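Heads up, the thing below is written out as structure tokens.
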Amino acid sequence: MEPNLREPNPTAAELVVEDVSVVDVVAGSVRHGLDVRVDGAGIIAAVTPHEPSAAPESPTARRLDGRGKYLVPGLIDSHVHIAFNGFLDVRPDFTRTLKQFLLHGVTSVVDFFTAGGDFPGSSAETVRDDVNAGRFLGPRMLTSYGCLNAPGGFCDCSVGDAASAVVTEEDVVREMDRITAVRPDFVKIVYDDVFGTLPNLTKEMLGELVASAHARGFRAAVHVASGQHAADAVEVGADIIGHGIVDDVPDGLIPQLVDRGIMVIPTLASYESRSLERWRIALPPDSPPEVVDRYVRTRHSLYEKNGQLPLYREAFEQSLKVLGQMVDSGVTVVAGSDAGTWYTFPGDSLLRELALYTQAGLAPARALRMATSDAAAAWGFADERGTVEVGKQADLLLVDADPLADIEALRSRSAVVLGGQVLDLDALAADVVGGPVLSAPDLGDEVPCSPHHLRRKPTSTG
1 MEPNLREPNP TAAELVVEDV SVVDVVAGSV RHGLDVRVDG AGIIAAVTPH EPSAAPESPT
61 ARRLDGRGKY LVPGLIDSHV HIAFNGFLDV RPDFTRTLKQ FLLHGVTSVV DFFTAGGDFP
121 GSSAETVRDD VNAGRFLGPR MLTSYGCLNA PGGFCDCSVG DAASAVVTEE DVVREMDRIT
181 AVRPDFVKIV YDDVFGTLPN LTKEMLGELV ASAHARGFRA AVHVASGQHA ADAVEVGADI
241 IGHGIVDDVP DGLIPQLVDR GIMVIPTLAS YESRSLERWR IALPPDSPPE VVDRYVRTRH
301 SLYEKNGQLP LYREAFEQSL KVLGQMVDSG VTVVAGSDAG TWYTFPGDSL LRELALYTQA
361 GLAPARALRM ATSDAAAAWG FADERGTVEV GKQADLLLVD ADPLADIEAL RSRSAVVLGG
421 QVLDLDALAA DVVGGPVLSA PDLGDEVPCS PHHLRRKPTS TG
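Residue 1 is where the sequence shown starts when you use UniProt numbering, and the numbers rise one by one after that.
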């Protein structure tokens with residue numbers, strides 16, 4: 001069991017980050033030469049001009065030298081799957097996955113379906129509360145817990161009995177009662193037939209599920225891929241669109257997203273990671289040759305042999321264009337990477353997601369805001385985190401270069417602070433790299449049920 005980092009301790013030593021450049025993510029500017037003081041409860045107590053001779057209130061205060069460094073809020077990944085580790089079919093030690101997020105400066109995550117994984121010392125129903133209470137070391141968490149879909153649909157096919165299949169109104173009541181009994185932070189609904197290869201909810205049933213979520217006081221997040229499915233979800237009252245749009249955008253959809261204040265989470269990294277060779281650098285360095293070989297053959301079977309690589313490249317390119325359109329139009333877009341699904345690895349994937357936003361034409365300041373203050377506001381915890389301000393939780397990332405000049409500066413981590421506690425990055429790295437190696441299933445020629453939004457049935461040549 002990890003030490004509890006969440007319990008306030010009034011007698012704990014305070015933390016002072018000295019002479020640091022603080023990134024104001026809301027204004028998109030930097031204030032240089034500041035001291036940031038954190039009290040024993042892990043709350044930012046003061047942000048003041050640096051005074052070399054000033055002594056902290058506590059003689060045991062820890063000091064971090066911020067000279068030449070930049071302090072940003074801890075990052076927020078608004079779409080992850082903590083039960084998976086980048087291979088979906090594998091159920092990892094989730095404690096290792098959580099440490100991967102922290103190692104990359106991701107101090108808050110939103111989990112889009114927890115069930116189906118292995119949680120030593122915890123369970124799918126309690127993992128959020130266990131992590132948020134500090135019983136396990138990890139980023140602060142929101143979760144949907146469950147996943148509602150059609151029988152044999154996307155989630156049924158991926159995780160079996162852990163999903164909730166609905167056909168009738170009675171199914172809606174039963175499954176919504178089951179999911180909401182464990183107090184999710186929102187309700188996830190899948191409205192995606194994976195281009196005609198899987199059963200899908202009817203539009204009417206989608207509407208019933210959204211209405212049922214609202215009646216119970218929960219926001220409804222709808223997993224979609226196509227523009228038409230997104231339009232249907234908006235029409236029936238969805239609050240959150242859980243992926244980017246990878247094809248044509250229906251007329252009027254973007255203005256509706258703006259007018260209704262609907263949150264969109266692009267997950268560009270998940271599309272890119274399936275379309276390029278970049279996945280190689282994400283494999284853990286301790287992966288033995290047989291795992292790498294199996295991984296290569298799996299990827300070949302899934303994408304190259306089944307003709308999906310060109311489709312994913314098209315999807316990725318289209319999603320970049322749509323992102324720019326949505327942001328320019330004023331849609332509420334927050335950063336989420338789909339971390340944990342195929343070839344999308346915890347922590348690293350969010351940093352890549354933000355880099356892709358700049359590739360789509362966004363300024364680094366805007367991209368950073370989408371993973372900090374904008375995300376905090378959209379999820380309802382802006383009073384607690386998302387900026388470096390007095391009264392906020394001291395979830396912080398100290399980097400060696402200015403991320404407003406180059407978003408890749410977020411990779412130059414000098415320190416990660418969670419609730420005022422400076423994490424041991426070397427120990428985190430050792431735990432992440434030194435644990436059991438990842439493994440990938442040997443899929444042969446099969447295309448498994450997993451979140452490949454562009455999978456299509458083989459075309460007959462006979």
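Glycine included, every Cβ here is placed at the ideal spot set by N, Cα and C. Note that the coordinates shown come from a computational prediction; the quantities given were computed from them, not determined experimentally.
Item                                                                                                                                                                                 : Value
Taking a contact to mean a Cβ-Cβ separation below 7 Å, would you say P184 touches A150 in this structure?                                                                            : no
Just to confirm, does A41 get its C-beta within under 6 Å of one of the non-hydrogen atoms of the ligand GDP?                                                                        : No copy of the ligand GDP appears in this structure; indeed no ligand is present at all.
Going by the beta-carbon positions, is the gap between L350 and D130 smaller than 7 Å?                                                                                               : no
If you pair each beta-carbon of the stretch 266–273 with each one of the stretch 248–255, do three or more pairs fall below 8 Å?                                                     : no
Per DSSP, what kind of secondary structure is V246 in: helix, strand or coil?                                                                                                        : coil
Apart from the five residues on each side of it in sequence, which residues of its chain come closer than 6 Å, Cβ to Cβ, to G237?                                                    : V210
Buried or exposed for N9, please, with buried defined as at least 16 other CB atoms from any protein chain shown within 10 angstroms of its CB.                                      : Unreliable placement is indicated for N9, whose pLDDT of 49 sits below 50; the coordinate value is still reported in the next sentence. So N9 ends up on the exposed side.
Contact between the stretch 168–187 and the stretch 136–150 is defined here as three or more beta-carbon pairs at a separation below 8 Å; is this criterion met?                     : yes
Do three or more CB pairs link the stretch 376–393 to the stretch 353–361 at distances below 8 Å?                                                                                    : no
Please report the residue range of the alpha helix (DSSP H) in which S313 lies.                                                                                                      : A small fix is needed here, since residue 313 is Arg in this sequence, not Ser. Per DSSP, R313 belongs to the alpha helix (DSSP H) from L309 to S329.
Return helix, strand or coil for V437, following the three-state DSSP convention.                                                                                                    : The predicted model places V437 with a pLDDT of 43, which falls under 50 and marks its position as unreliable, so this point remains unresolved.
Would you report the Cα separation of S450 and D193, rounded to the nearest angstrom?                                                                                                : Annotation note: pLDDT 44 at S450 (below 50); position unreliable, coordinate value reported separately. Approximately 12 Å between the Cα atoms of the pair.
Give every residue of the same chain whose Cβ lies closer than 8 Å to the Cβ of K69, excluding the five residues on either side of it in the sequence, and list them in chain order. : V20, S21, L398, V399, D400 and S414
Give the DSSP-derived three-state secondary structure of residue 513 in the structure shown.                                                                                         : Nothing can be reported for residue 513: it is not among the residues displayed for the chain, which extend from 1 to 462.
May I have the straight-line CA-CA distance separating R369 from I245, to the nearest angstrom?                                                                                      : 21 Å
Check whether the stretch 130–142 and the stretch 109–121 touch, using three or more Cβ-Cβ pairs below 8 Å as the test.                                                              : yes
According to DSSP, is A165 helix, strand or coil?                                                                                                                                    : strand
Can you give me the Cβ contacts of E408 inside the same chain, cut-off strictly under 7 Å, excluding the 5 residues immediately before and after it?                                 : A355
Leaving out five residues on either side along the sequence, give the residues of the same chain with a beta carbon under 6 Å from the beta carbon of K203.                          : D232
Over what stretch of residues does the alpha helix (DSSP H) that includes E272 continue unbroken?                                                                                    : L268 to S275
Going straight from the alpha carbon of L206 to that of E175, what length do you get?                                                                                                : 14 Å
Measuring CA to CA, which of V30, E317 and V17 is closest to D402?                                                                                                                   : V30
Who are the Cβ neighbours of V80 in its own chain at under 8 Å, not counting the five residues just before and after it?                                                             : F101, V109, V110, D111, F112, G336, S337, D338, A339, G340 and P346
Alpha carbon to alpha carbon, how far is V36 from A215?                                                                                                                              : 43 Å
In whole angstroms, give me the CA-to-CA distance for M326 and L257.                                                                                                                 : 9 Å
Hey, could you find the ends of the beta strand (DSSP E) E384 is sitting in?                                                                                                         : Run containing E384: none; DSSP gives neither H nor E here.
Using 7 Å as the threshold, is the C-beta distance between Y191 and V167 below it?                                                                                                   : no
Are the CB atoms of F119 and V127 nearer to each other than 7 Å?                                                                                                                     : yes
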